[in-house]
Amino acid sequence: MSEIPAELRYTKEHEWVREHDDGTLVLGVTDHAQVSLGDLVFVELPENDTAVEAGNACAVVESVKAASDVYLPLSGTIVEKNDALEDAPELVNSDPYGDGWLLRFKPDTPAQLEELLGCDDYERFIAELND
Amino acid sequence: MPFIPHTTNDIATMLQAIGVDSIEQLFDEIPGKLRCERLVGIPDAISEHEVGRLMSSQAEKDRVALNFLGAGAYEHHIPAAVWELTTRGEFYSAYTPYQAEASQGTLQLIYEYQTMMASLTGMEVSNASLYDGASALAEAVLMAVRVNRKSKSGRVLIPCSVHPHYAAVVKAITVSQGIELIEIPFKPTSGRTDLDALRAYAETDITAVIIPQPNVFGVLEPVDELADWANEKDALGIAVVNPTSLGLLKSPGNWGREGVAIVCGEGQSLGVPLSSGGPYFGFMTCRQEHVRQLPGRLVGKTVDIEGTPGFTLTLQAREQHIRRSRATSNICTNQGLMVTAATIYMSLIGPKGLRRVASVCAANTKNLAAAASTIDGVELKFSASQFHEVVLQLPVSAATVIEGLKRHGISAGVAVSRWFPDLSNCLLVCVTETKSDDDIEVFVNALREEIAVAEKEQ
Amino acid sequence: MTEPLIFEASRPGRSASAQFPRRDGIHAIPDKYLRGDPPLLPEVSELDVVRHFTRLSQLNFSIDTEFYPLGSCTMKYNPRGCNSLAMLPGFTQRHPLAPPSFSQGVMTCLFELQEMLKALTGMAAFSLTPMAGAQGELAGVAMIRAYHVDKGDLSRTEIIVPDAAHGTNPATATMCGCTVKELPTGTDGDVDLDRLRELVGPQTAGIMLTNPSTLGVFERKISEIQELIHSAGGLLYYDGANLNAILGKVLPAEMGFDVMHINLHKTFSTPHGGGGPGSGVVGVGEKLAPFLPVPVIGSTADSYHWLNESDLPKTIGRLSAFMGNVGVLLRAYVYMRLLGPEGMERVADFAVLNANYVMKQLQKAGFDLAFPERRASHEFIVTLKRQAQSDNVKAMDVAKALLDRGIHAPTTYFPLLVPECLLIEPTETESKQTLDRFVTVMTEILAGIREDAREIKEAPVTTPVRRIDEVRAARHLDVRYQQTGSGAIAQTEDD
């Protein structure tokens, strides 16, 4: 059973988003994602100040068997990336919602966060996939 | 039935097990209107003996006693052990090493190959090979454009002294990738790239600079200056080199103050026969920081679950079978068999042997050039230092002389005007370590004779 | 059993001196061009080399030693005669730039090969230069683009690719500056025709298809597909990877394909060589003939010659420094002369017979087929989804268990559409005994899963190494041997 913290928002591309204290948003990939990817060997992250449109790829998570794009669900600008992942990409596997965070970004339109999936909707979405 | 082992009994038993009456029934999902008639235009089967006689007579038609052709494919002594080992069934009929536990032989061999190529070129990592030198150069250009974060113009400087077939392949493969190829002329006296011509681009955003060594004329380029110029402009240097020459010449990793970013070229001279142009193999090496952008396969050393050292294909997620439309390249095959031959060749030749082969090639070419220049009307076209090829300026058409020398059983060289129309009456000659002093004398005498014949007919 | 690296046998001063010139040459190259340190090449004797590489070869599985049912790779027997005849000195010593007057022997063989390929495919013209399947695909898609651009149709930039396609297909489309539109496959194995109707339009350059598809079944609606694509103004590309299933039965040109490549290292039995060389010759209908990559063989009444850019001004250009992988082409030529027309037709007959037989026997033994209602082409898919769920045994585990029993694993995890799949292609050169043994072994493995899945999950145990840690290989990248210190090898008195 996949872990799905209640307080986060989710996307159908298996990303999660959390609000940071200062209005920026933190992005990562879900437990479901890290399980299907397998052990991560590399994470490619964008540079700070990169502007990304909603739905565009902003990062790549690479395992032995797959290299998947990670999409920014809201348009915004990157303000910080998780440098720890350079030497320890496995953090995404061991702690996908905590130390395995990927990046933090400043959304152009914060209100769009409401349009993302809540934890129940995401849980239902994964259940349908498994059928 | 050649290569098909089934007996009538086998067939009957199998059909019964499947539950059909005939093999033909197994094709019943194919719409009848798509089925073709009997094949036309294919000669009836012959035995191995008969095709052996046929092939022998075809092979004999093309025999030449002495070969002085170079221009991108080089005749070297290939030790007998190289192809006896390479055509062992376990190498010859093995597949790509996707199941690592079943392929440690091939994988370890490639790891050893990667080590040798990286060191030979003065770089940090090597891939497991590409199709040939020309397509390797095209892939290097694509990689440089992907990798260069400081320059996004896609402008690539390509000297006119790069082998014209290589330039053509780069153009064909990169055509839809937003890359602008800018030609840099060579000086007609020296045959070297004109460094003054670079001044025009001092303020232009350049993404990569291709640097050949030697160039198509066999001439040695000012590689230190070219590498430094590229690095000062934040352009990536791409060296395209002859690997045999690297037994003697400075490796591209050591050109100028910082070397180059990517090295590529044709590996054929390392144990692969001329074979009418293929199969050969392209090599590519680069700096550690760019390894994820290296196209083609890569073998890594690791351990198994018991801690025993072993090898596997690695970083495959960059490749087509996983990344698909976002892959670094569409390349699937490498040139496994040729890499096997090259690794065995390099192991037999060793560092001393490779240096010696290169030095004898250079010395032989120098000697032929000197002897040929004693013929009336024959001069060295270019004044610069050469590796193992030289352009002779003749008083008559090179093509005529080539035909004439065939009567002596000699394949004389390339008529340079086929690529550079301004360089008329120029013959590009290559002399490797396979030629003795007697061979050179035979060549020069024949050349003298055929020039005289051609002059009389003018 | 592992074999030390060749560098570990290295001793300073040791060499195989019979293999290089007896003396250094006196050249005139100035010092500034010369290298300082020698490269890291082994200093070993000839015997060291022969032993080392012989022993390395013994660590490999190969067709010459094991049954190799690797789906989509066509691991048929590589006839030895093809190798020895292609390597006759007259062929190996011939320089690519020797003028045609010195080359009529090899050019005769290549021309005849070309004519036979035309007869087998229905195509009007061929270029023999692409050096691998992926390069053939590059040529094909580039020609499709060139055709549309030549007609002024600049907006045709989309290539439709089935989701089950081999990865080279979408990768190639991207390399040619096209965008990829993915076409889903139905549960019966044919592509989704309704979805295709939605995808097709004035922006369609073409579609890339394999038939039989990568799912191991014949694309039954191919006539409708070609009708849809052609009437929308697009062209059809045939990926010839599965030609073994229909050789002599169906001509790709008659299925409506405008351009195709053939993998000579699959259908025409040239060696896989541990990962190459291949050859991806490309054939076209009349429409695309002007765009073929050069050089192409031309003929006059009494001789052959090369056609290049000036003869084909609309060519997509040159893809190879010389004429492609001629040594591979010669092997394919010999193979085709040994087979003749009946032999070619038998290839498909027996490839398909063998695949259907193994499929039926495995089904009886309790394995789940991906498409139980369909005929196998020359290959078919078994899915281990059920075993993965009930016993946590994956396709990869079964693959490794086969290695322990001296059989190379089938293709695993391709096509991506079928979960926990094994793509099995016996080829026509395998006997009933070999196939029966394979079924017996697979049945034992299945029984083994039910009894004690642990043994299967720990496989392989008899191979030179146990299961390889691929994650570690990628995380701690070690792609070359490094000498430690200054010449790490300890000196001995023998040096």
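Protein chains in written order, with this note's numbering: chain A, 75 to 205; chain B, 42 to 499; chain C, 78 to 572. From the three backbone atoms N, C-alpha and C, an ideal C-beta is built for every residue, glycine too.
Ends of the alpha helix (DSSP H) at Leu389 (chain B)?
That run of the alpha helix (DSSP H) goes 377-413.
Taking Cβ-Cβ distances shorter than 9 Å, what residues in chain C pair up with His331 (chain B)?
By Cβ distance, chain C contributes nothing, its closest Cβ being about 12 Å from His331 (chain B), past 9 Å.
Examine the Cβ distances between the stretch 420-428 of chain B and the stretch 438-453 of chain B and report whether three or more of them are shorter than 8 Å.
In short, these stretches do not touch, since the Cβ pair count stays below three.
Should Gly310 (chain C) be listed as close to the ligand SAM, given that the test is whether its C-beta is under 8 Å from any heavy atom?
For the structure depicted, the ligand SAM is absent and the ligand set is empty, with no information on it obtainable.
Enumerate in chain order the residues of its own chain whose CB-to-CB distance from Gly401 (chain C) is below 6 Å, with the five nearest sequence positions on each side excluded.
These residues qualify, in order along the chain: Leu205, Thr206, Met208.
If you draw a straight line from the C-alpha of Gly300 (chain B) to the C-alpha of Thr248 (chain B), how long is it?
So the two alpha carbons sit approximately 16 Å from each other.
Let me know the secondary structure DSSP gives Gln560 (chain C) once reduced to three states.
Coil, per DSSP.
Are Val144 (chain A) and Val135 (chain A) closer than 9 Å when you measure CB to CB?
Taking 9 Å as the Cβ cut-off, Val144 (chain A) and Val135 (chain A) qualify as a contacting pair.
The alpha helix (DSSP H) spanning His129 (chain C) covers which residue range?
Start and end: 123-134.
Just to confirm, are Gly288 (chain B) and Arg396 (chain B) a CB contact at a threshold of 9 Å?
Yes, they are a contact pair.
Using 8 Å for Cβ pairs, my map puts Cys498 (chain C) next to Val459 (chain C). What's the rounded Cβ distance?
The pair is a contact, with the Cβ atoms about 7 Å apart (cut-off 8 Å).
I need the DSSP call for Tyr84 (chain A), collapsed to helix, strand or coil.
Correct three-state label for Tyr84 (chain A): strand.
Going by DSSP, what residue range makes up the beta strand (DSSP E) through Val361 (chain C)?
Per DSSP, Val361 (chain C) belongs to the beta strand (DSSP E) from 359-361.
Is any beta-carbon of chain C found at less than 9 Å from that of Val115 (chain A)?
With 9 Å as the cut-off, Val115 (chain A) counts as an interface residue toward chain C.
I need the straight-line Cα distance from Leu500 (chain C) to Ala358 (chain B), nearest angstrom please.
Cα to Cα, Leu500 (chain C) sits roughly 21 Å from Ala358 (chain B).
On the criterion of 16 or more Cβ atoms from any shown chain inside 10 Å, does Gln510 (chain C) qualify as buried, or is it exposed?
Exposed: under 16 other Cβ atoms inside 10 Å.
Rounding to the nearest angstrom, what Cα-Cα distance links Asp269 (chain B) and Ser180 (chain C) in this structure?
So the two alpha carbons sit approximately 44 Å from each other.
Short check: CB of Gly266 (chain C) to CB of Phe427 (chain C), under 9 Å?
Cβ atoms of Gly266 (chain C) and Phe427 (chain C): not closer than 9 Å.
Could you name the residues that DSSP lists as bridge partners for Asp345 (chain B)?
The partner list for Asp345 (chain B) (beta bridge, DSSP) reads C:Ile545.
Is the Cβ-Cβ distance between Gln108 (chain A) and Val153 (chain A) less than 9 Å?
No, Cβ-Cβ distance for Gln108 (chain A) and Val153 (chain A) is not below 9 Å.
Tell me, please, which residues DSSP counts as bridged to Asn402 (chain C).
In the DSSP output, where bridge partners are listed per residue, Asn402 (chain C) has none listed.
Report back the beta-carbon spacing between Thr256 (chain C) and Glu275 (chain C) to the nearest angstrom; my notes put them in contact at under 8 Å.
Between Glu275 (chain C) and Thr256 (chain C) the Cβ distance is about 16 Å, and since that is not below 8 Å, they are no contact.
Give me the residue from A:Asp194, A:Gly174, A:Leu114 with the minimum Cα distance to Val138 (chain A).
Nearest of A:Asp194, A:Gly174, A:Leu114 to Val138 (chain A), Cα basis: A:Leu114.
For Pro239 (chain C), which three-state DSSP category applies?
Strand at Pro239 (chain C).
Please name the residue in B:His204, B:Met164, B:Glu273, B:Ala114 whose C-alpha comes closest to that of Lys191 (chain B).
Closest option to Lys191 (chain B), Cα to Cα, is B:Glu273.
Starting from the beta carbon of Glu497 (chain C), find every residue of chain A whose beta carbon is closer than 7 Å, and list them in chain order.
Ordered by position in chain A, no residue passes the 7 Å Cβ test against Glu497 (chain C), which lies about 13 Å from the chain.
So, using beta-carbon positions, are Leu75 (chain B) and Ile299 (chain C) closer together than 9 Å?
Closer than 9 Å, so yes.
Using 10 angstroms around the beta-carbon of Glu180 (chain B), count the other beta-carbons present and answer buried if the total reaches 16, otherwise exposed.
Classification of Glu180 (chain B): buried, given that the 10 Å Cβ count is 16 or more.
Going along the chain, which residues of the stretch 457-480 of chain C sit with their C-beta nearer than 7 Å to a C-beta in chain A?
Taking 7 Å as the Cβ-Cβ cut-off against chain A, none of the residues of the stretch 457-480 of chain C qualify.
Provide the residue span of the alpha helix (DSSP H) that contains Ile59 (chain B), from first to last.
Start and end: 49-59.
With 16 as the cutoff for other CB atoms within 10 Å, does Thr185 (chain C) come out buried or exposed?
Answer is buried; the Cβ neighbour count reaches 16.
Can you tell me where the beta strand (DSSP E) holding Met285 (chain C) begins and where it ends?
Element bounds for Met285 (chain C): 281-286.
Under the DSSP definition of a beta bridge, which residues are partnered with Pro120 (chain B)?
Answer by DSSP bridge pairing: none, since Pro120 (chain B) is not bridged.
Can you tell me the Cβ-Cβ gap for Ser458 (chain B) and Pro116 (chain C), rounded? I've got them flagged as a contact below 8 Å.
With 8 Å as the limit, Ser458 (chain B) and Pro116 (chain C) do not qualify as a contact, their Cβ atoms being about 37 Å apart.
Evaluate Asn50 (chain B) with the Cβ neighbour count: other Cβ atoms within 10 Å of its Cβ, from every protein chain shown; 16 or more gives buried, anything less gives exposed.
Label assigned to Asn50 (chain B): exposed.
Buried or exposed, going by whether 16 or more other CB atoms sit within 10 Å of the CB of Gly562 (chain C)?
Any reading at Gly562 (chain C) must be qualified, since the residue scores a pLDDT of 49, below 50, and its modelled position is unreliable; the value itself is stated next. Its Cβ having fewer than 16 others within 10 Å, Gly562 (chain C) is exposed.
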